[in-house]
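In the numbering used here, the protein residues as written are 9 to 226. Ideal Cβ positions, reconstructed from N, Cα and C, are used throughout, including at glycine. What follows is a set of notes on a single structure, which appears directly below.
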Ligand code: SAH
């Protein structure tokens, strides 16, 4: 199937073109990326880097994820519309925006208050009304709202995210970067008859997941 290019004037058209050139071929993912301005999620001083295909600083030693990695994670989540998604690491809110266009409800947790509030104000400005925000340690999940159809962790975890896996529904998909502090493997975990079936998607480098089932601070 040939995929039409998004319209040139779409705010994220250039990002969509870039990730498509790198092999992303899900038309829904490309369409959503084309609709969203990545610049809007960056602090003013970093906006000139909005189209760089790399992680960019957003303050407090955190980063907005690389567009290609956002696209891979989103494509692999295989969202069809009715899903309830848990995201750990709201950060800039860019990935949250992408998820909110592709799933019914997004529950997003960020440990740093300032980042959560900043992301929320940007996402409110985009009229995203299907996002629920929590400030706290996302490694413990959101038990009151479990189970989730999909869970996306956007910070690097040192090992298997056991509590999050418990909060994943049967046949659900969890994606998380697992490994060392400075290098991880983006890992897809499916829940099949209650058991985790794992597949490595690609090598990656995310900031640390800090919390009870993550790294300790410092
Ligand atoms: N998806 C974000 C990525 C942000 S970087 C984006 O595209 O902008 C990862 C984020 O995870 C950081 O903001 C960091 O503060 C947050 N984080 C780290 N450990 C966390 C935890 N235990 N719970 C919730 N958020 C966490």
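Integer-rounded CB distance, given that residue j should sit under 8 Å from residue i
i: residue 79; j: residue 43; result: 13 Å between Cβ atoms; not a contact.
i: residue 75; j: residue 23; result: 5 Å
i: residue 50; j: residue 64; result: 6 Å
i: residue 138; j: residue 118; result: Not quite, the Cβ-Cβ distance comes to about 17 Å (not below 8 Å), so this is no contact.
i: residue 216; j: residue 167; result: Contact doesn't hold; Cβ gap of about 13 Å is too wide.
i: residue 204; j: residue 173; result: 6 Å
i: residue 127; j: residue 100; result: 6 Å
i: residue 147; j: residue 222; result: 5 Å
i: residue 98; j: residue 123; result: 6 Å
i: residue 84; j: residue 196; result: 6 Å
i: residue 39; j: residue 92; result: The Cβ separation is near 22 Å, so there is no contact.
Buried or exposed by the 16-neighbour rule on C-beta atoms within 10 Å, applied to residue i
i: residue 185; result: buried
i: residue 87; result: buried
i: residue 95; result: buried
i: residue 133; result: exposed
i: residue 62; result: exposed
i: residue 121; result: exposed
i: residue 224; result: exposed
i: residue 31; result: exposed
Paired residues, beta bridge with residue i - DSSP
i: residue 212; result: 192
i: residue 223; result: 218
i: residue 95; result: 116, 160
i: residue 143; result: 118
i: residue 205; result: 198
i: residue 72; result: 64
Any non-hydrogen atom of the ligand NAD within 7 Å of residue i CB
i: residue 110; result: In terms of ligand content, the structure shown lacks the ligand NAD and carries the ligand SAH instead.
Could you name the residues whose beta carbon sits closer than 6 Å to any heavy atom belonging to the ligand SAH, keeping them in chain order?
70, 71, 72, 73, 96, 97, 99, 100, 102, 103, 117, 118, 119, 120, 123, 145, 146, 147, 162, 163, 215, 217, 218, 219, 222
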